[in-house]
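Step one of this worksheet: look at the structure below.
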Amino acid sequence: MAEVIIGENESFESALKRFTKRVQQDGILAEARRREHYEKPSVRRKKKAAAKRRKSKKASS
């Protein structure tokens with residue numbers, strides 16, 4: 111869990127900016143989006159293979 115301690119003379123905006131940066135670095139929102147809907151393992155493998163093919167096709171071009 112991302113946690114930010116606000117300093118004595120720190121503004122709310124700067125604390126919020128630090129919090130959003132921490133959340134981004136921890137990958138919390140990306141993880142929540144990924145887990146929003148259940149994905150069967152077979153579908154996950156197919157997506158991973160398709161991404162691998164796209165990446166190799168892009169690299170060879």
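For the sequence shown, the working numbering assigns the number 111 to the initial residue and increments by one for each residue that follows. C-beta: ideal position from N, C-alpha, C; glycine also.
When you compare only the Cα positions, how much space is there between Lys167 and Glu118?
If you take the alpha carbons of Lys167 and Glu118, they lie about 53 Å apart.
Are the Cβ atoms of Ile116 and Ala125 separated by less than 8 Å?
In this structure, Ala125 lies closer than 8 Å to Ile116 by Cβ.
How big is the Cα-Cα spacing for Phe129 and Ser152?
Here the alpha carbons of Ser152 and Phe129 stand approximately 36 Å from one another.
Am I right that Ala112 and Arg132 are in contact with their C-beta atoms under 8 Å? What's the rounded C-beta distance?
Distance from Ala112 to Arg132 at the Cβ level is roughly 4 Å; contact confirmed, criterion being Cβ atoms closer than 8 Å.
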